[in-house]
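Here the structure comes first, spelled out in structure tokens, and everything after it is commentary.
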Amino acid sequence: MAKTKIYFWLKVDKKFFDNLFIKRLKNMPGGYTMTVIYIRLMLESLEDDCILYYEGYFDSLVQELALKLDVSEDDINMTVAYFTKCGLIQIDDDGHATLSQAKAMVESETNWAKYKREQRKQAQNMVRLESVQDSGTVSNSCPTEIEIEKENRVNSKSNNLYLDNILSGNTDFTFPTWLEETAIKDLEKTKHKELWIPIAYLNQVANKRYKFVDKTKRLLLARFKEGYTLEDFKQVIDIKTAEWKDSPEFSKYLRPETIFGSKFDGYLNQKPKTIKGKSEDNFPDLPF
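Residue numbers (the working numbering): -10 to 277.
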């Protein structure tokens, strides 16, 4: 089944620059730079429900963001400190940053909606052809367009039904055979058993004790909404566990924020490999 891709963007208008916190930056040294960095931080957060997750690759989220955005740590530090003081960025105990203003500005659409929007735009610029068929009409859709429309409608409906089933708390649900009894007992205590299976399986194979908490729930829902299945989650967990579990240096990256984040699809299509010791060539593919 093809995956439903979701596109995100920020809806920025004049009111954004009329914000007192933004206007105040104009009179501060480096204010314009901080404004641009803040907008880029919001853009980076969109795929993960407006949260910048600290992956743990470096000493702090600031260091990771500096590398990701290719700007200095000082500029990131000043930007995060300023907008945290303004209440527009909240840092939790795990070092993750929530950008509350981005939540109010985010817009999104699926790849199917994007396709139809672009199709309508093209149709407006096309010259209508006179019918030469007996029916007196000419179809506005070529066979390729019809196939795409049918495929995307089926995929979108399947994805929605799959997610609805996960959240329904279906009592007839049967656990996958690859879950051990201990993991199943933990899941039996939860409301949405199927939703939490990836966490239970990660705990099982990586010998972890991650809890069923809201910040992880957001990651799982985001991936399920994109059309990924439990088997996809299992495959990613198996790949990354085989790669990192036996490495004292990299086993700490076996956590939900890292493997269920925006690089999930890349991990899913990765060829299995193993890291056992410290080596520059062993450094993992960073999620930047």
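By construction, the Cβ of each residue, glycine as well, lies at the ideal position given by its N, Cα and C atoms.
What you are looking at is a predicted structure, and each value in this text was computed from that prediction instead of being measured.
Using CA coordinates, which residue listed in the options is at the minimum distance from residue i?
{"i": "aspartate 48", "options": "Gln79, Asp83, Cys75 and Asp254", "result": "Asp83"}
{"i": "isoleucine 26", "options": "Asp254, Arg198 and Ala70", "result": "Ala70"}
{"i": "leucine 58", "options": "Ile80, Met23 and Glu169", "result": "Met23"}
{"i": "glutamate 183", "options": "Lys197, Phe5, Trp(-2) and Phe162", "result": "Phe162"}
{"i": "phenylalanine 222", "options": "Lys3, Val194, Lys234 and Thr171", "result": "Val194"}
{"i": "aspartate 2", "options": "Ala93, Val60 and Glu33", "result": "Ala93"}
{"i": "valine 290", "options": "Phe5, Asp227 and Lys180", "result": "As displayed, the chain neither begins before -10 nor continues past 277, which places residue 290 out of reach and without an answer."}
{"i": "aspartate 37", "options": "Lys214, Val60, Ile11 and Lys12", "result": "Lys214"}
{"i": "cysteine 75", "options": "Asp81, Ile11, Glu62 and Asp254", "result": "Ile11"}
{"i": "leucine 278", "options": "Pro18, Gly19 and Trp167", "result": "Shown here, the chain extends from -10 to 277; a query on residue 278 therefore has no answer."}
According to DSSP, residue i sits in a beta bridge with which residue or residues?
{"i": "threonine 87", "result": "Ile40 and Gln79"}
{"i": "valine 95", "result": "Leu(-1)"}
Please report how far the alpha carbon of residue i lies from the alpha carbon of residue j, in whole angstroms.
{"i": "asparagine 16", "j": "threonine 68", "result": "14 Å"}
{"i": "aspartate 64", "j": "leucine 176", "result": "44 Å"}
{"i": "alanine 231", "j": "isoleucine 40", "result": "28 Å"}
{"i": "arginine 212", "j": "threonine 205", "result": "11 Å"}
{"i": "proline 165", "j": "valine 225", "result": "16 Å"}
{"i": "asparagine 192", "j": "leucine 14", "result": "45 Å"}
{"i": "glutamate 238", "j": "aspartate 7", "result": "47 Å"}
{"i": "phenylalanine 72", "j": "lysine 252", "result": "27 Å"}
{"i": "lysine 241", "j": "tryptophan 233", "result": "8 Å"}
{"i": "leucine 77", "j": "glutamate 169", "result": "43 Å"}
{"i": "asparagine 258", "j": "asparagine 66", "result": "35 Å"}
{"i": "leucine 30", "j": "tyrosine 199", "result": "27 Å"}
{"i": "glutamate 140", "j": "leucine 88", "result": "Unreliable placement is indicated for glutamate 140, whose pLDDT of 47 sits below 50; no coordinate value is reported for it."}
{"i": "aspartate 80", "j": "tyrosine 21", "result": "It should be noted that the sequence gives isoleucine, not aspartate, for residue 80. So the two alpha carbons sit approximately 23 Å from each other."}
{"i": "aspartate 227", "j": "isoleucine 28", "result": "36 Å"}
{"i": "proline 18", "j": "aspartate 203", "result": "38 Å"}
Quick one: residues in its chain with C-beta nearer than 7 Å to the C-beta of residue i, no 5 flanking neighbours on either side, listed in chain order?
{"i": "lysine 229", "result": "Leu243, Ile248 and Tyr256"}
{"i": "leucine 209", "result": "Leu184, Pro187 and Phe249"}
{"i": "aspartate 123", "result": "Because the pLDDT at aspartate 123 is just 47, under 50, the model does not fix this residue reliably, and the point stays unresolved."}
{"i": "asparagine 196", "result": "none"}
{"i": "phenylalanine 201", "result": "Thr179, Trp185 and Ile188"}
With a threshold of 16 other CB atoms inside 10 Å of the CB of residue i, please say whether the residue is buried or exposed.
{"i": "glutamine 90", "result": "buried"}
{"i": "tyrosine 217", "result": "buried"}
{"i": "tryptophan -2", "result": "exposed"}
{"i": "glutamate 33", "result": "buried"}
{"i": "valine 51", "result": "buried"}
{"i": "leucine 9", "result": "exposed"}
{"i": "tyrosine 278", "result": "Residue 278 is absent from the model: the chain starts at -10 and stops at 277."}
{"i": "proline 245", "result": "buried"}
{"i": "lysine 260", "result": "exposed"}
{"i": "lysine 262", "result": "exposed"}
{"i": "serine 61", "result": "exposed"}
Keeping to the same chain, check which residues put their C-beta closer than 6 Å to that of residue i; ignore five residues upstream and five downstream.
{"i": "tyrosine 43", "result": "Leu50, Gly84 and His85"}
{"i": "isoleucine 173", "result": "Phe164"}
Spatial neighbours of residue i within its chain, please: CB distance less than 8 Å, with the 5 preceding and 5 following residues excluded, ordered by chain position.
{"i": "arginine 283", "result": "The structure shown does not extend to residue 283, since the chain spans only -10 to 277, so no value can be given for it."}
{"i": "threonine 171", "result": "Gln193"}
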